[in-house]
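Novice: Using the working numbering, you'd call the opening residue of the sequence shown number 115 and step up by one each time. Glycine residues also receive a C-beta, built at the ideal position from the N, C-alpha and C atoms. Just so we're clear, the structure is a prediction, and the values are computed from it rather than from any experiment.
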Amino acid sequence: MVFLGTVELSYAQDLNKDFKWPESKKAAVCLTFDDGQDSHLDNAIPLLDSFNVKATFYCPGNKEPLYNRISEWRMIVENGHELGNHSLFHPCDGTRFDWVKPEYDLNRYTLEQMRMELYTANTLLKAVDGKSDRTYGYTCSDYKVQGDTSIVDVVKQLFAAGRSDGPIPESMENVDIHFMPSWCVESHTGKELIDYVKEARKNGTIATFMFHSVGGGYLNVSNEALLELLIYLKENEQDYWVDTFYNVTKYIAEQSGSAE
115 MVFLGTVELS YAQDLNKDFK WPESKKAAVC LTFDDGQDSH LDNAIPLLDS FNVKATFYCP
175 GNKEPLYNRI SEWRMIVENG HELGNHSLFH PCDGTRFDWV KPEYDLNRYT LEQMRMELYT
235 ANTLLKAVDG KSDRTYGYTC SDYKVQGDTS IVDVVKQLFA AGRSDGPIPE SMENVDIHFM
295 PSWCVESHTG KELIDYVKEA RKNGTIATFM FHSVGGGYLN VSNEALLELL IYLKENEQDY
355 WVDTFYNVTK YIAEQSGSAE
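#1: Would you be able to state if there are at least three C-beta pairs under 8 Å between the stretch 160-168 and the stretch 336-349?
#2: To test your reading of the DSSP string, which unbroken alpha helix (DSSP H) runs of 4 or more residues are found completely within the stretch 165-193?
#3: Go ahead and pull the three-state DSSP assignment for Arg277.
#4: Kindly confirm or deny that the stretch 231-242 and the stretch 147-161 touch, where touching means at least three C-beta pairs closer than 8 Å.
#5: Since I believe Trp355 is in contact with Asn323 (beta carbons under 8 Å), could you give me their beta-carbon distance rounded to a whole number of angstroms?
#6: When every heavy atom of the ligand GTP is checked, does at least one fall within less than 7 Å of the C-beta of Ser201?
#7: When the Cα of Ala274 is compared with those of Lys245, Val299, Met286, Ser255, which residue comes out closest?
#8: Whose CA, out of Asn193, Arg183, Asp353, lies closest to the CA of Lys316?
#9: Would Trp213 be called buried (16 or more neighbouring beta carbons within 10 Å of its own) or exposed?
#10: Excluding the five sequence neighbours on either side, which residues of its own chain have a C-beta within less than 8 Å of the C-beta of Phe117, listed in chain order?
#11: Nearest to Thr358 by alpha carbon, out of Asp207, Tyr223, Thr249?
#12: Would you mind sorting Asp149 into buried or exposed? The rule is 16 or more other CB atoms within 10 Å of its CB.
#13: Could you give the C-beta distance for Thr170 and Glu196, rounded to a whole number, given that I count them as a contact under 8 Å?
#14: Would you mind giving the Cβ-Cβ distance between Asn114 and Gly331, rounded to the nearest angstrom? I have them listed as a contact below 8 Å.
#15: How big is the Cα-Cα spacing for Ile366 and Ile291?
#16: Locate the beta strand (DSSP E) running through Tyr354, then write down its first and last residues.
#17: Buried or exposed for Pro174, going by 16 or more other Cβ atoms inside 10 Å?
#18: If you follow the beta strand (DSSP E) that Leu197 is part of, which residue opens it and which one closes it?
#19: Start and end of the beta strand (DSSP E) containing Pro145?
#20: What span of residues does the alpha helix (DSSP H) with Ala158 cover, start to end?
#21: Count the C-beta pairs between the stretch 259-275 and the stretch 300-315 that are closer than 8 Å, then say yes if the count reaches three, no if not.
So, in structure tokens, the structure goes:
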């Protein structure tokens, strides 16, 4: 078993021979939270701050918690967290989800309409945190309008990076920071969350979590599961670089020579 682990580590090192994480870390971990929820401020932030872990919060412009608690969102950014763009109205592919309103169906959006919505959301968020550079979380992980027109080039124009969905990269070679895979968590246990970051460590790559509700709600992660993950990351901090999606993807861009 030890020999197998050694072989796996050697294989990962070979695939990533030209890529190194800072401070000799073995993998990066990004904790991202979608939809600008009260549970993020009430449950996630206190847990994260107790471990001094910085995370990314993707907040649509039309969310009541953004309007009602704007000073708190501003404060978390001042404390090192990231406020990411998640559009204004959270449009999604209406053929995939029956809860999508016709006016927010990406199949009815033009590319220019999507570009202007994302640009306007950036303006709104800049009014909150004063920042001009940020990342985007693809809504519902959808990346096409009018059925088959990709918005990825628009995301590359407007954002430092973009988070989509998909499996953990097997290597850092050819990782696209504007279409970064992530895992949508739904009622998973702490052990399952830990196993996910262990896979990234084995590969020498990056584990990006897509959380929604914390401590109760849709696509929920329990407080206990999140706490278990944070304890593990703290106990193994020599192996994992845990930071905002912006900071990690900026580092990847610099290492790959694609940073502007």
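Specialist: By the coordinates alone:
#1: yes
#2: 178-182, 184-192
#3: strand
#4: no
#5: Before going further, note that residue 323 is Phe rather than Asn in the sequence given. Not confirmed; about 14 Å, so no contact.
#6: The ligand GTP is absent from the structure shown, which contains no ligand whatsoever.
#7: Lys245
#8: Asp353
#9: exposed
#10: At Phe117, the pLDDT of 41 sits below 50, so the modelled position is not reliable; the number obtained from the coordinates is stated separately. Hits under 8 Å: none found.
#11: Thr249
#12: buried
#13: 4 Å
#14: With the chain covering only 115 through 374, there is no way to say anything about residue 114.
#15: 8 Å
#16: 354-356
#17: buried
#18: 196-199
#19: Looking at the sequence provided, one finds Leu at residue 145 rather than Pro. Element bounds for Leu145: 141-148.
#20: Run containing Ala158: none; DSSP gives neither H nor E here.
#21: no
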